[in-house]
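Undergrad: Residue numbers (my numbering): 8 to 135.
Don't be surprised by glycine CBs; every beta carbon is placed ideally from N, CA and C.
From a predicted model like this one, the values you see are computed outputs, not experimental measurements.
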Amino acid sequence: MPMKMSLVKKSCLAAALLGAACAAALAADWAFAFRPVTAQMAIYSGGLGDPGAPTAQDAKVSFHVQGKAARDLFDRLGPDVKDECMTDPKVRVRVKERLQCIQYSRSDTSCYFGFDLKDGKSIGGSIC
Numbered sequence: 008m009p010m011k012m013s014l015v016k017k018s019c020l021a022a023a024l025l026g027a028a029c030a031a032a033l034a035a036d037w038a039f040a041f042r043p044v045t046a047q048m049a050i051y052s053g054g055l056g057d058p059g060a061p062t063a064q065d066a067k068v069s070f071h072v073q074g075k076a077a078r079d080l081f082d083r084l085g086p087d088v089k090d091e092c093m094t095d096p097k098v099r100v101r102v103k104e105r106l107q108c109i110q111y112s113r114s115d116t117s118c119y120f121g122f123d124l125k126d127g128k129s130i131g132g133s134i135c
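1) Taking Cβ positions, are Gly-56 and Asp-65 nearer each other than 8 Å?
2) Around the Cβ of Gln-107, are there at least 16 other Cβ atoms within 10 angstroms (buried) or fewer (exposed)?
3) My output table needs one value for Lys-89: the three-state DSSP class, helix, strand or coil.
4) Determine the direct distance from the alpha carbon of Ala-60 to that of Cys-29, and round the result to whole angstroms.
5) Output needed for Pro-43: all residues of its chain with C-beta closer than 7 Å, excluding positions within five of it in sequence on either side, in chain order.
6) Just grab the DSSP bridge partners of Ala-46 for me.
7) Using DSSP bridges, identify the partner residues of Ile-109.
8) Does the Cβ of Cys-118 have 16 or more other Cβ atoms within 10 Å, making it buried, or fewer, making it exposed?
9) Along the chain, where does the beta strand (DSSP E) containing Gly-59 start, and where does it finish?
10) With distances taken between CB atoms, is the gap from Ser-69 to Gly-127 smaller than 8 Å?
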């Protein structure tokens, strides 16, 4: 004897199938691609608080990313954090490990990160 599906079950099944189809369509629109970035970098030795000329024994790089790339990073870093360096309540700061993004306004966002060029380890890219 064939089973009859209730209207509620049919509606739930249709909603689930529609949701799966929408998710698949959204995923199909995304493609891994490198995009242009507005950035500056500085190569130095010592620390960011007292940088010197890079040497054969000590070289680090600090990157400063701006524009859409910085906004994209900022948007994906999670919730804002309190930052002892920022006194303006309108300025938003987000940090993950050694990646720091600061949003002064929606059109003015900067992200900072760095690397020790001797060992490739991630280091901070900015200080107060």
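TA: So, from the listed chains and residues:
1) As a working mapping, residue 56 is identified with position 49 in the sequence shown. As a working mapping, residue 65 is identified with position 58 in the sequence shown. No, the pair does not count as a contact, with Cβ atoms beyond the cut-off.
2) Numbered from its first residue, the sequence shown carries residue 107 at position 100. It counts as buried.
3) The residue labelled residue 89 in the question sits at position 82 within the sequence shown. Correct three-state label for Lys-89: coil.
4) The count along the sequence shown starts at 1 and reaches residue 29 at position 22. The count along the sequence shown starts at 1 and reaches residue 60 at position 53. In this predicted model, Cys-29 has a pLDDT of only 49, less than 50, meaning its place in the structure is not dependable; the value taken from the coordinates is given anyway. Each residue's Cα considered, the two are about 54 Å apart.
5) For this step, residue 43 is matched to residue 36 along the sequence shown. Answer for Pro-43: no residue qualifies.
6) Here residue 46 corresponds to residue number 39 of the sequence shown, with the count starting at 1. Ala-46 is bridged to Val-72.
7) Within the sequence shown, the letter at position 102 stands for residue 109. Paired residue(s): Val-100, Ser-117.
8) The residue labelled residue 118 in the question sits at position 111 within the sequence shown. Its Cβ being crowded by 16 or more others within 10 Å, Cys-118 is buried.
9) Within the sequence shown, numbered from 1, the residue matching residue 59 stands at position 52. Note, Gly-59: beta strand (DSSP E), 57-59.
10) To locate residue 69, count along the sequence shown from 1; it is residue 62. To locate residue 127, count along the sequence shown from 1; it is residue 120. No. Outside cutoff.
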